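Reviewing the structure listed below.
2 protein chains.
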Amino acid sequence: MEGLTINEAAETTGWSPRMLRYIESAGLIEPPRTPKGYRIFGPGELQRLRTLRELLARFDCALSDVAFAKRHASDPELRAALDRWFEERPEPPEGVESGDWLSWEQQKHQRLLAMDTPPRLTEPTPA
Amino acid sequence: MEGLTINEAAETTGWSPRMLRYIESAGLIEPPRTPKGYRIFGPGELQRLRTLRELLARFDCALSDVAFAKRHASDPELRAALDRWFEERPEPPEGVESGDWLSWEQQKHQRLLAMDTPPRLTEPTPA
DNA sequence: CCAACCTTGACACGATCGTGTTAAGCTTTG
DNA sequence: CAAAGCTTAACACGATCGTGTCAAGGTTGG
Chain F
3 MEGLTINEAA ETTGWSPRML RYIESAGLIE PPRTPKGYRI FGPGELQRLR
53 TLRELLARFD CALSDVAFAK RHASDPELRA ALDRWFEERP EPPEGVESGD
103 WLSWEQQKHQ RLLAMDTPPR LTEPTPA
Chain Z
3 MEGLTINEAA ETTGWSPRML RYIESAGLIE PPRTPKGYRI FGPGELQRLR
53 TLRELLARFD CALSDVAFAK RHASDPELRA ALDRWFEERP EPPEGVESGD
103 WLSWEQQKHQ RLLAMDTPPR LTEPTPA
């Protein structure tokens with residue numbers, strides 16, 4: 003037998019066997035199986051599982067977040083759409099028809115500052 | 003008034019006013035405010051909101067996913083950690099017999115991570 | 001001034017996530 | 001063979017998400 007069974011893997015990784023199955027169902031791991039269907043966890047998988055634990059704790063994020071990040075990493079369309087959305091910023095419309103948006107400049111100013119300024123509470127000094 | 007109020011924005015974007023506030027609380031938009039605190043939605047924000055709707059529908063993902071993607075996009079450490087995790091290969095010990103599967107090129111993988119001490123390993127003492 | 005609108009806060013509620021537990025049925029092994 | 005271990009499926013349950021709604025109070029505008 004070349005690898006750990008699910009209960010052994012659980013002990014060395016800190017996950018419960020239930021969670022190991024759950025993590026697999028979430029698509030985050032895919033341990034190989036014996037001909038009869040028993041999962042076998044190699045050292046690489048074990049390491050990945052420990053790393054995953056550290057990841058979730060360090061960044062305080064959820065399994066579903068990592069699952070989505072995986073999707074994000076492997077689906078170029080999804081990534082492109084998201085990137086586009088994040089870049090999209092509230093700007094004045096190219097062809098402003100009627101003069102409805104008179105004081106837009108100020109809004110834009112506020113928006114841009116709010117957007118990529120790290121948590122700052124003081125009033126920014128305009129150059 | 004140079005922009006739409008929350009109810010007007012709701013009508014043109016398809017979101018409910020409640021959801022517009024929720025989306026803001028999730029950090030996905032940050033509409034500017036009047037001096038008295040009323041949100042004002044410019045055309046850019048409205049467009050973003052419609053795009054967001056399309057995004058969620060097209061890729062069948064959740065607001066929290068997009069929120070996490072934003073974090074992922076703006077936190078290099080998080081991105082690096084996730085990228086490293088996805089690159090980590092499980093590589094089951096294929097050619098190894100029952101003897102020494104514990105010793106193989108694991109160290110290379112371990113080097114990639116800032117190490118913590120994983121939960122101590124104890125041999126499964128049959129209780 | 002008063003109706004209409006905005007704001008925050010809270011309660012509610014179904015859906016999903018994360019997790020444990022248990023059941024029924026194979027498999028491995030002493 | 002029987003105990004122990006694995007597998008899937010299912011029930012349960014608290015926590016969080018997504019969403020509506022309602023309340024209490026400030027703002028706006030005719």
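In order, the protein sequences belong to chains F and Z.
Using this note's numbering, the first residue of the first sequence is number 3, and each one after it goes up by one.
Using this note's numbering, the first residue of the second sequence is number 3, and each one after it goes up by one.
For every residue, glycine included, the Cβ atom is placed at its ideal position computed from N, Cα and C.
Just so we're clear, the structure is a prediction, and the values are computed from it rather than from any experiment.
- Task: Using DSSP bridges, identify the partner residues of Leu6/F.
- Result: Phe43/F
*asked:* Taking contact to mean 3 or more Cβ pairs, one atom from each stretch, closer than 8 Å, check whether the segment 61-78 of chain Z and the segment 9-18 of chain F are in contact.
replied: no
- Task: Would you mind giving the Cβ-Cβ distance between Gly47/Z and Pro33/Z, rounded to the nearest angstrom? I have them listed as a contact below 8 Å.
- Result: It should be noted that the sequence gives Glu, not Gly, for residue 47/Z. That pair is a contact at about 5 Å.
- Within 9 Å (strictly less), CB to CB, does Thr15/Z reach chain F? no
Just to confirm my understanding: we take Asp67/F, look at its own chain, exclude 5 residues before and 5 after, and list those with CB closer than 7 Å. What are they? none
- Item | Residues of the segment 37-62 of chain Z whose Cβ lies closer than 8 Å to any Cβ of chain F, in chain order | Ile42, Gly44, Pro45, Gly46, Glu47, Gln49, Arg50, Thr53, Leu54, Leu57, Arg60 and Phe61
key: Span separating the alpha-carbon of Arg50/F from that of Gly44/F   = 10 Å
Self-check item: Best match in Leu30/F, Thr7/F, Leu84/F and Tyr24/F for proximity to Ala2/Z [C-alpha to C-alpha]
Solution: Any question about residue 2/Z goes unanswered here, given that chain Z covers just 3 to 129.
If you draw a straight line from the C-alpha of Ala12/Z to the C-alpha of Arg20/F, how long is it?
-> 43 Å
On the DSSP letters alone, give me the boundaries of the alpha helix (DSSP H) that Asp67/Z sits inside. Leu65 to Ser76
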